[in-house]
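Trainee: Just passing along the structure, written as structure tokens.
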Amino acid sequence: MTKYLISFPSEAMVLTDEEFPVVAADSRAVIREAKAAGVYIFGGGIEEKVDPVLVSADGSVNPGIYPGSHLKGGFTVLDLATREEAVEWARKIAVSCRCAQELREFMFDPES
């Protein structure tokens, strides 16, 4: 099995106040489906109201992030047998969220 990251930046999801509850319900239904299928690992959204910090190699902590880094939005991590399955789950999430999803494969780590 391989772990996949399915994600979108926050600016990709453009919804009206009326659409948001419907999209939230639809996307949660897909997550429940992934849990029932036994492929769900973790998911959520980056809390953008809390400023990130950069913890340096010497252990010091400073406000900010790596130059060019823009991690925000929502993501789901699934454990799947094939890339084709990952594409299908990304499709389900894209349809439920009403926005395109990025699909990435995690490198294998025998300690994970």
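Residue numbers are given in our numbering: position 62 of the sequence shown equals residue 1037, and the series is strictly consecutive. Even for Gly, the Cβ is constructed at its ideal location relative to N, Cα and C. Every value quoted in this text rests on a predicted model; they were computed, and no experiment measured them.
Tell me the rounded alpha-carbon separation between Leu1053 and Val998.
Mentor: What you label residue 1053 is simply residue 78 of the sequence shown in a count that begins at 1. What you label residue 998 is simply residue 23 of the sequence shown in a count that begins at 1. Looking at the two C-alpha atoms, the distance is approximately 20 Å.
Trainee: Can you tell me where the beta strand (DSSP E) with Glu1077 in it begins and where it stops?
Mentor: For the purposes of this step, residue 1077 is taken as residue 102 along the sequence shown, with counting starting at 1. 1077-1080 is the span of the beta strand (DSSP E), which, as asked, contains Glu1077.
Trainee: Per DSSP, which residues does Pro1085 bridge with? Please list them.
Mentor: Locating residue 1085 in the sequence shown gives position 110, counting from the first residue. None; Pro1085 has no bridge partner.
Trainee: Since Ser982 sits in a beta bridge, which residues does DSSP pair it with?
Mentor: As a working note, residue 982 is residue 7 in the sequence shown. In the DSSP output, where bridge partners are listed per residue, Ser982 has Phe1050, Glu1077.
Trainee: In this structure, what does DSSP give as the bridge partners for Thr977?
Mentor: In the sequence shown, residue 977 corresponds to position 2, counting from 1. Paired residue(s): Leu1055.
Trainee: Does DSSP put Val1025 in a helix, in a strand, or in coil?
Mentor: The sequence position of residue 1025 within the sequence shown is 50, counting from 1. Three-state result, Val1025: coil.
Trainee: Who does Tyr1015 pair with in a DSSP beta bridge?
Mentor: Along the sequence shown, read from residue 1 onward, the residue named residue 1015 stands at position 40. BP columns for Tyr1015 point to Leu1053.
Trainee: Consult DSSP for Val989 and reduce its assignment to one of helix, strand or coil.
Mentor: Mapped onto the sequence shown, residue 989 falls at position 14. In this structure, Val989 counts as coil in the three-state DSSP scheme.
Trainee: Applying the 10 Å Cβ sphere with the 16-neighbour rule, what's the burial state of Lys978?
Mentor: Translated into the one-based positions of the sequence shown, residue 978 becomes position 3. Lys978 counts as buried, since no fewer than 16 other beta carbons sit within 10 angstroms of its beta carbon.
Trainee: In whole angstroms, what separates the C-alpha of Val1035 from that of Asp1084?
Mentor: Position 60 of the sequence shown, counting from 1, holds the residue named residue 1035. Position 109 of the sequence shown, counting from 1, holds the residue named residue 1084. The question names Val, yet the displayed sequence has Ser at residue 1035. Cα-Cα distance, rounded: 28 Å.
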